Amino acid sequence: MRALPWLALIGALLLGGPLAAEERTLTHDGLERRYLIDHPGPAAEGTRWPLVMVLHGGGGNGENARRMSGFSAPRYARRAILVYPWGTSRFAGMDRLKTWNAGHCCGFAMKRKVDDVGFLAALIDHLVAHDHADPERVFVTGMSNGAMMAHRLGIELSGRIAGIAPVVGGLFGDESRPTHPVPALIITGALDKNVPAEGGLGQGRGADAWDGTPLKPATYQGDFWAAANRCRPTPRVSTLAGGKVTRRAYPCPAEAPVVHLIVGDNGHAWPGGRQGSRLGDAPSRALDATRAMWDFFMGL
49 MRALPWLALI
59 GALLLGGPLA
69 AEERTLTHDG
79 LERRYLIDHP
89 GPAAEGTRWP
99 LVMVLHGGGG
109 NGENARRMSG
119 FSAPRYARRA
129 ILVYPWGTSR
139 FAGMDRLKTW
149 NAGHCCGFAM
159 KRKVDDVGFL
169 AALIDHLVAH
179 DHADPERVFV
189 TGMSNGAMMA
199 HRLGIELSGR
209 IAGIAPVVGG
219 LFGDESRPTH
229 PVPALIITGA
239 LDKNVPAEGG
249 LGQGRGADAW
259 DGTPLKPATY
269 QGDFWAAANR
279 CRPTPRVSTL
289 AGGKVTRRAY
299 PCPAEAPVVH
309 LIVGDNGHAW
319 PGGRQGSRLG
329 DAPSRALDAT
339 RAMWDFFMGL
């Protein structure tokens, strides 16, 4: 277990900074898989904690996702179980360059057909069985390759996922239809070149990690989930943050909302979060993506 020294932990509690996370492993399909967990502690008798799974982007890891998203802040980490799993890479001893098998992307995990759906399903089972996670309130978010993986989990585990919030990700157009409705909050950067909002093939670093299948335009994500959730096909369009954010809200059944936020000044980054790497795009400050998805998830 990795933990902050007591003085740092007390300081974090007093100042509202990140709490300490515990590193764990879970073996699935012959692979020892890592994850970080922020756990709020014992649940009250007869209650369980919501579970929010945060999936890193291609080339990242769980620590990167935790730092970038800001979900470790006490206002979130004291009210839900936050878990940050690692993908896989061909460099077994390296802590970076991890990817998820999201179908047409990305890298090692895609090429080796790593069973990431099975791993993440097993992780959910483990957290429900041992950590008081609520099986009815399992939410998944992720960035880039992690966003694509969030879509895949929503589709393939639709009976178990209570909501998804993909950030700067996309769909390819050949996905199967989920068997159950899944609430979806989709966040797109209009200036994204890695996962371009207009669709097609990415132009940034890591574009060769895909299998060559072009993305559908970003708005297809909302259309896909609207159809899956039996919503009306035409969204209501409005603007937020002085016109910097376009909100596309589909008329949906109350239990299965679909909302797409397009951030006009955001590239390939987590809006309102921290820069993913030294060479990465700077996040927009027009939207706090973490706060937006927290409110979305907890309002379901």
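If you read the sequence shown in this note's numbering, its first letter stands for residue 49, the second for the next number, and so on.
No residue lacks a Cβ here, since even glycine has one placed at the ideal position from N, Cα and C.
From a predicted model like this one, the values you see are computed outputs, not experimental measurements.
Discussion item. Give me the residue from Gly194, Ser332, Leu219 with the minimum Cα distance to alanine 245.
Written reply: Distances from the alpha-carbon of alanine 245 to those of Gly194, Ser332, Leu219 put Leu219 closest.
Discussion item. Using CA atoms only, rank isn't needed, just tell me which of Pro98, Lys241, Ala68 is closest to leucine 84.
Written reply: Nearest neighbour of leucine 84 by Cα position, chosen from Pro98, Lys241, Ala68, turns out to be Ala68.
Worksheet entry | Residue range of the beta strand (DSSP E) that includes alanine 163 | The question names alanine, yet the displayed sequence has aspartate at residue 163. Note, aspartate 163: premise wrong, no beta strand (DSSP E); not H, not E.
Worksheet entry | Backbone secondary structure at valine 306 - three-state DSSP | In the structure shown, valine 306 adopts extended strand secondary structure according to DSSP, grouped into three states.
Worksheet entry | Beta-bridge partners of leucine 205, as assigned by DSSP | In DSSP, leucine 205 forms no bridge with anything.
Item to complete: Determine the burial state of methionine 142: buried for a count of at least 16 other Cβ atoms within 10 Å of its Cβ, exposed for fewer.
Response: Exposed is the call here.
Worksheet item: Where are the beta strand (DSSP E) runs, 3 residues long or more, that stay fully inside the region 274-334, in chain order?
Response: You should have 284-288, 293-297, 306-311.
Worksheet item: Which class does leucine 233 belong to by DSSP, given the choice of helix, strand or coil?
Response: DSSP, reduced to helix, strand and coil, places leucine 233 within a strand of the structure shown.
Practice prompt. Count the CB pairs spanning the region 157-165 and the region 179-188 that are closer than 8 Å, and state whether there are at least three.
Written response: The region 157-165 is not in contact with the region 179-188.
Fill in: Extent of the continuous beta strand (DSSP E) to which methionine 395 belongs
Shown here, the chain extends from 49 to 348; a query on residue 395 therefore has no answer.
Fill in: Closest by C-alpha distance to asparagine 112, when choosing among Ala274, Leu201, Ile234, Ser192
The option with the nearest alpha carbon to asparagine 112 is Ser192.
Discussion item. Pairs of beta-carbons, one from the region 327-341 and one from the region 303-317, closer than 8 Å: are there three or more?
Written reply: Between the region 327-341 and the region 303-317 there are three or more C-beta pairs closer than 8 Å, enough to call the two in contact.
Worksheet entry | Residue interval of the alpha helix (DSSP H) (run including tryptophan 342) | Membership of tryptophan 342 in the alpha helix (DSSP H) is indicated by the continuous run 337-346.
Fill in: Beta-bridge partners of aspartate 86, as assigned by DSSP
DSSP lists Leu130 as the bridge partner or partners of aspartate 86.
Worksheet item: Relative to the alpha-carbon of glutamine 323, which residue among Gly108, Arg96, Thr75 has its alpha-carbon at the smallest distance?
Response: If we check each option's Cα against that of glutamine 323, Gly108 comes out closest.
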